[in-house]
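See below for the structure under consideration.
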Amino acid sequence: NYKETVYDIGAFAQARLSLSERARVSFGGRFDYNHLEGNEGSTFDTVGVSGNLNGEYDVTDWFMGYAGIGSAWGGIPMTEIGVQNYWIAFGPTNAWNYDNLEPSRSYNAKIGGVIEAGNFTFDGNLYYTKIDDSHDVSSNNRGDQFDVVSKGINASARYSFENGFIRASYTHSDVEVDGNVPTSTIAYQGIVIGDLFSAEAGYEWFDLGIRAGITAEAALENDDPEKNGANKLDGYVVAGLYAEWFPEFLP
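Heads up, the sequence shown is in my numbering, so the first residue is 130 and it goes up one at a time.
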């Protein structure tokens, strides 16, 4: 059997400040040390820094804008133990190779706004994430790494009343791995989502200690995987019911 060993040591600081009655900002940083011991005796010692900056501004009493940027150092993760033993079972030619193994780094940005009008709340944003040298933990060649890009839009609406709420949301996401649409064989790097709708309604009976609701999620058919020789993704709908009881005699 083969194994890898990873040690991570990190330190971080995060601050949130109110610059004025309308403006707020948060920022932070992190330092990490990563040590990897390969199953064939090689060692890798790497260090990296991460940072983030986010801001909010109340443009009016009912509209708030927000934006944020960040970069995160990913280090070198451990691979899957089962995958290691799987590959070596095919003989010495499938021995693990740690050549050209590098730590990963991500870059992300988001911009959006929130509208509050009475019992209604609306939220929408655009986001972008890029990962350089994302690791393929399913390969016997640890130097197999990819550049991943995920971008899209999120939108949600919520109506709250005295004892309950109704909310709905929509997400559209585009994912590329080395410029191609990912398939199930590289799910470690990214999964195609496409268009996703969700909804929930909940109500609470405070005097009885009961909360109940219904949820639903629907994804549209997505033919993007066909661009990379894979099968299209069928649409689906998932619905659920939930209920909770909080007896008064419990703390």
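By construction, the Cβ of each residue, glycine as well, lies at the ideal position given by its N, Cα and C atoms.
Please read all numbers here as calculations on a predicted model, not as lab measurements.
Comparing C-alpha positions only, which one of Leu-337, Ser-302, Tyr-332, Leu-362 sits nearest to Thr-312? Mapped onto the sequence shown, residue 312 falls at position 183. Checking every option, the nearest Cα to that of Thr-312 belongs to Leu-362.
Thr-258: buried (16+ other C-beta within 10 angstroms of its C-beta) or exposed? Your numbering for residue 258 matches position 129 in the sequence shown. Buried.
Quick check on DSSP: helix, strand or coil for Asn-356? The count along the sequence shown starts at 1 and reaches residue 356 at position 227. The question names Asn, but residue 356 is Lys in the sequence shown. Of the three classes helix, strand and coil, the one that applies to Lys-356 here is helix, per DSSP.
Taking 9 Å as the cut-off, decide whether the C-beta atoms of Asp-137 and Asn-163 are in contact. Indexing the sequence shown from 1 puts residue 137 at position 8. Indexing the sequence shown from 1 puts residue 163 at position 34. A contact, by the Cβ cut-off of 9 Å.
Tyr-332 - DSSP class collapsed to helix/strand/coil: If you number the sequence shown from 1, residue 332 lands on position 203. Look at Tyr-332 here: in three-state DSSP terms it is strand.
With distances taken Cα to Cα, identify the nearest neighbour of Thr-189 among Asp-228, Thr-134, Gly-242. Position 60 of the sequence shown holds residue 189. If we check each option's Cα against that of Thr-189, Gly-242 comes out closest.
With 16 other CB atoms within 10 Å as the buried threshold, where does Thr-208 fall? By one-based count along the sequence shown, residue 208 stands at place 79. With 16 or more other Cβ atoms within 10 Å, it is buried.
Going residue by residue through the region 232–299, where are the continuous beta strand (DSSP E) segments of at least 3 residues, counting only ones entirely within it? 233–246, 249–264, 274–290
DSSP has Asp-137 in a bridge; who is on the other side? Here residue 137 is taken as the residue at index 8 of the sequence shown, counted from 1. Answer by DSSP bridge pairing, in chain order: Asn-163.
Separation of Asp-174 from Leu-231, as counted between CA atoms: For the purposes of this step, residue 231 is taken as the residue at position 102 of the sequence shown. For the purposes of this step, residue 174 is taken as the residue at position 45 of the sequence shown. The amino acid occupying residue 231 in the given sequence is Glu; Leu does not appear at that position. Those two C-alpha atoms are separated by around 10 Å.
Would you mind stating whether Ala-347 and Gly-331 have Cβ atoms separated by less than 9 Å? Counting from 1 along the sequence shown, the entry for residue 347 is found at position 218. Counting from 1 along the sequence shown, the entry for residue 331 is found at position 202. With contacts defined as CB atoms closer than 9 Å, Ala-347 and Gly-331 fail to qualify as a contacting pair.
What residue from Ile-205, Ser-263, Trp-191 has the CA that sits closest to Phe-249's CA? Along the sequence shown, read from residue 1 onward, the residue named residue 249 stands at position 120. Selected option, being the one with the closest Cα: Trp-191.
To test your reading of the DSSP string, which unbroken beta strand (DSSP E) runs of 3 or more residues are found completely within the region 145–211? Taking only runs of at least 3 residues, the beta strand (DSSP E) segments lying wholly in the region 145–211 are 152–166, 172–187, 192–204.
Please state whether DSSP places Asp-324 in a helix, a strand or coil. Your numbering for residue 324 matches position 195 in the sequence shown. Residue state, collapsed to three classes: strand.
Please list, in chain order, all residues of the same chain as Gly-293 whose beta carbon is under 6 Å from its beta carbon, the five residues on each side excluded. As a first step, residue 293 is located in the sequence shown; it is residue number 164 there, counting from the start. Closer than 6 Å at the Cβ level, and outside the excluded window around Gly-293, lie Gly-331, Tyr-332.
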